[in-house]
Amino acid sequence: MGQWTMSRRSFLKMAGLASVAATGGVFSFTDWLSAAEKGEIIKVNTVCNCCGNRCGLVAHVKDGRLWKLTGQAGHPKNMGTVCPRGHGYAAGVYSPHRLVKPLKKVGAEFQAISWEQAYKEIGEKTIAIRDQYGAGAIYWHEYDKPISEHYGSLFMRSLGNINYTTHYTTCAAGRNVGLIHSIGGVAGPDLGNAKYVVFIGRSYADGIIPASMKTLVTSKEKGLKIVCVDPRYSNTAMIADDWLAIRPGTDQALMLAWAHVMIKENLYDKDFIEKNAIGFAEFSAMIDEYTPEWAAKITDIPVETISRVAREMAAAKPKALIDPGWHSPMGAHYINGVNTARMMGLINAMLGNINQVGGIWFPQNVPFGALDKMKYPVPPMPTIPRTDGCGEPQGKFPLGFKRNGIQTVYPGLAKDGKVKAGFIYHTNPVRSNPDSRHVMEGLKSLELCVVMDYQLSETAENCAHYVLPECHALERDEIAESVAGRRAFISRRHKVVERVHPDTRSMDEMIVGIAKQAGIGQYFNFTVEELTAAQLAPLGITPAALREKGTIPFGEPRKPGVSDADGNPNFNTPSKKVQFMNDKFKLIGWEPLPRWQPPKVSPKGEEFRMIHGHQAVHTHNSTYNLPYLLQISKDKNLQFLWMNAGRAQAMGIKEGDWVTVNSATFTGKAQLKVTERLHPEALFFPAGYGGFSKGQPLSYGFGINSNDFNAFEVCPASGHAMEQETILTVTKGVV
């Protein structure tokens, strides 16, 4: 796929990779055993980089090499645990497939170049593009983390724009917009004190937050009732009291019916709603038509079950909640994702559980300090709007979450000539965005595409003019970061080992080098250590103390309640109240009330709806070339697509059979897992397979990727990708 090709041999030759680089030369087992037994163990507190959880780790280093990992007991994300992904990712520091030198695309091949040449050429081309086309013709895209958010957004601002974007439009954008425009923000669950929890398409046991899974199991043992609403019988559903095998894309209808039951039977928290909500009368009138009988026909969930769950939730209030989710049906799946998120937020409000023990809590963050502006100059705030129109009153996506932007539209903007340069860090949009062909065509049309990564991703191989090799996460220091929650914590990534490949760089070093050549270096005249010290200074914490402790709690847990000091509602909405009705949706032609919004497309006859989800051993597409994790997939056939057993039997398909899968835009082949754990309408794709980068040979051609089957579409409310608005047909055998 893609016109730029490179042989495995040329890649290894160009990159200077050899197994001796990872092993340090010939070393007999006897010598190694003796050294291993005698070697001093040094423990370093750091942060995992395998997913967005950023769990606290203790790296055990022996003779300068990583020996093992354990978890930081005081880190709220993992409470001492390291998941399989964390172990597998850490081993990547010694991978023989790492990028080790800057690369430049010359004709159809990459050539290794010096850092000086890379910085000079990239810096000069960046400024030339800005001067010719304007500052809005440049954008930054990343899988966000604190240090890159700081440097990436500052880099864009220094160039005169605010086109900093994250991966959120393929993750949680729909959820965020729905919650922001209903309850005023994204809240987290208090599972440790809850009596009743409903998961809508979310599975802690598959998309792991180790501490959350621990808490869920412990709370289950204390009597917590768990309901999983999911077309797939997930690994979390295994410990649930109820699995509601919902028809994909109809979660909003289910929640409308729950609201109907709670209102008609006077089960909601009237006192909370009267004090803290607007638009409830209009919402109550709207809800009349959304009966359990109506929802049962749409969702495939029995009337009795719909009513029972609504009553059980209400009986347990305020220690009952619907988990706010993440990606799930609300994040980046369907046209109705935003309204599904609104309904989830509004039902939590009806339960009176917001900022209540056993309910959902708006998180606290650490109020970090900043660099002294007199010593460290700050660029002026750009006056031009975002090129993607996100959060701009007159833009295409006025309701969008401006901080994260809408990265999914930039390939199209590039094809239209509206953007000319892109900087892509720590993400792989050719594999993680829907419609891979559209993404590649767009990125290839850029005059400058710079990819920063530690391995040769599909985006780097097929689209980049320059590939800058990042050192591994275990080889660098980063800034302090806030771990948000009811109580906030402070954590930080610390360097664990010296760089295995000396000619790799950290992202901050890359940006400083490019900025100097682009004539904006004055805005980067600080080091990571200086920035970290400035962050911590007003908190009375030193970098040395943070290094020693690993994770430090900040302040006190948020107190229950949603009122300000004067006793007035204090939600982060224009009205300062929960908004059951929001006129802002008129800006995009939607109704102010969250009326039922069916999926954009639905399967008919023998068709299937494509759905996808995580597995506990992989993070998106970043881990599939790691040998230990990949071997688990191979041993357990985790790359197989799932088909409902009844549908498979009708088609004469058995476990392990090969099939041909077709969408309107793509055809692929795969093996099938035949199971009762799936709604008959769905065809489930495990995420993280279908790699085609020659620089990642272990994963090359292994499995298929759902994003290849999608057409490019985004939601007009949040800009989120509609990853499950895709209809498939399946034929037995390989056609």
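The opening position of the sequence shown corresponds to residue 0 in numbering that gives the first Met the number 0, with each subsequent residue numbered one higher.
We put the beta carbon where it would ideally sit given N, CA and C, even for glycine.
Top-ranked residue by Cα proximity to residue i, from the options
| i | options | result |
| --- | --- | --- |
| Leu255 | Ile359, Gly184, Ser211 and Phe579 | Phe579 |
| Gly687 | Gly667, Gly651, His326 and Leu629 | Leu629 |
| Lys119 | Gln723, Pro591 and Lys103 | Lys103 |
| Phe154 | Ala89, Ala564 and Tyr424 | Tyr424 |
| Ile208 | Phe684, Asn77, Ala314 and Asp507 | Asn77 |
| Glu477 | Pro501, Arg546, Arg436 and Gly91 | Arg546 |
| Asn265 | Lys316, Cys470, Cys462 and Gly85 | Lys316 |
| Leu243 | Gly351, Val216 and Arg201 | Arg201 |
| Phe684 | Val660, Thr666, His611 and Gly554 | His611 |
| Leu586 | Leu190, Ala644, Ser717 and Val713 | Ser717 |
| Val450 | Val216, Pro428 and Ala314 | Pro428 |
| Pro556 | Leu467, Thr674 and Asn354 | Asn354 |
| Asn160 | Ala172, Arg174, Ala171 and Ile126 | Ile126 |
| Ile305 | Ala294, His464 and Ala314 | Ala294 |
| Asp582 | Arg129, Glu123, Gly278 and Asp240 | Gly278 |
| Gly79 | Val60, Gly87, Thr550 and Met380 | Thr550 |
| Lys61 | Gly38, Tyr623 and His74 | Gly38 |
| Asp502 | Leu98, Asn352 and Gly63 | Leu98 |
Three-state secondary structure assigned by DSSP to residue i
| i | result |
| --- | --- |
| Lys731 | strand |
| Leu345 | helix |
| Thr168 | helix |
| Pro433 | coil |
| Ser574 | coil |
| Leu682 | strand |
| Gln516 | helix |
| Thr666 | strand |
| Gly91 | helix |
| Gly658 | At residue 658 the sequence reads Val, which differs from the Gly that was named. Here Val658 sits in strand by DSSP. |
| Ile353 | strand |
| Cys227 | strand |
| Pro366 | coil |
| Ser481 | strand |
| Arg475 | coil |
| Lys42 | strand |
| Cys50 | coil |
| Thr541 | coil |
| Phe154 | helix |
| Pro428 | helix |
| Trp589 | coil |
| Ala720 | strand |
| His140 | strand |
| Phe701 | coil |
| Val196 | strand |
Neighbour-count burial assignment, residue i, 16 or more Cβ in a 10 Å radius
| i | result |
| --- | --- |
| Thr526 | exposed |
| Pro101 | buried |
| Gln131 | exposed |
| Tyr142 | buried |
| Ala193 | buried |
| Tyr453 | buried |
| Ser327 | buried |
| Thr382 | exposed |
| Gly70 | buried |
| Asn432 | buried |
| Ile40 | exposed |
| Gln116 | exposed |
| Met0 | Only weak support is given to the placement of Met0: the predicted model assigns it a pLDDT of 37, under 50, and the value that follows is read from those uncertain coordinates. The residue in question, Met0, is exposed, as its Cβ has fewer than 16 Cβ neighbours within 10 Å. |
Integer-rounded CB distance, given that residue j should sit under 8 Å from residue i
| i | j | result |
| --- | --- | --- |
| Val197 | Ile321 | 5 Å |
| Gly700 | Phe708 | Their Cβ separation, rounded to whole angstroms, is 17 Å, which puts Gly700 and Phe708 out of contact at 8 Å. |
| Leu65 | Val496 | 6 Å |
| Val185 | Pro397 | Contact doesn't hold; Cβ gap of about 19 Å is too wide. |
| Asn44 | His493 | 6 Å |
| Val226 | Leu253 | In fact, because the Cβ distance is near 11 Å, the residues do not count as touching under 8 Å. |
| Arg430 | Asn706 | 7 Å |
| Lys599 | Ile334 | 4 Å |
| Tyr138 | Gly357 | Actually they do not touch by this definition, with Cβ atoms about 42 Å apart. |
According to DSSP, residues forming a beta bridge with residue i
| i | result |
| --- | --- |
| Glu108 | Val105 |
| Lys67 | His59 |
| Ala407 | Per the sequence presented here, residue 407 reads as Thr, with Ala not at that position. DSSP, once it has assigned bridges, lists no residue as partnering Thr407. |
| Asp452 | Pro468 |
| Pro552 | Phe488 |
| Ile610 | Phe683 |
| Leu640 | Leu671 |
Check: residue i C-beta below 8 Å from any heavy atom of the ligand GTP
| i | result |
| --- | --- |
| Asn461 | In terms of ligand content, the structure shown is empty, and the ligand GTP therefore cannot be addressed. |
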